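In our numbering, the protein residues as written are 253 to 310.
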């Protein structure tokens, strides 16, 4: 059995905004790789995403 400290994890985080009366709009995605209780910065990233629609309410 592997101990949790010896396990590698890939964490995925989605950030969204919720304009009133609209569905969730993704604006950012981030990833972190955790290895040996440390964040592996070589494979950790974040990306900004342009929402598909204009966020201003018409």
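Note that CB positions come from ideal geometry on N, CA and C, so glycine has one too.
Nothing here was measured: the structure is a model prediction, and the numbers come from that model.
To the nearest angstrom, how far is the alpha carbon of residue i from that of residue j?
i	j	result
residue 281	residue 293	16 Å
residue 299	residue 267	10 Å
Spatial neighbours of residue i within its chain, please: C-beta separation below 6 Å, excluding the five flanking residues on both sides.
i	result
residue 261	286
Considering only C-alpha positions, which residue in the set the options is nearest to residue i?
i	options	result
residue 279	288, 272, 265	265
residue 296	283, 289, 288, 257	283
residue 254	301, 288, 302	288
residue 257	272, 263, 290	290
Short of 8 Å in beta carbon distance, which residues of its chain neighbour residue i, apart from the five on each side in sequence? Order them along the chain.
i	result
residue 276	268, 269, 270
Could you tell me whether the Cβ of residue i comes closer than 9 Å to any Cβ of chain C?
i	result
residue 290	You won't find chain C in this structure, because it holds only one protein chain.
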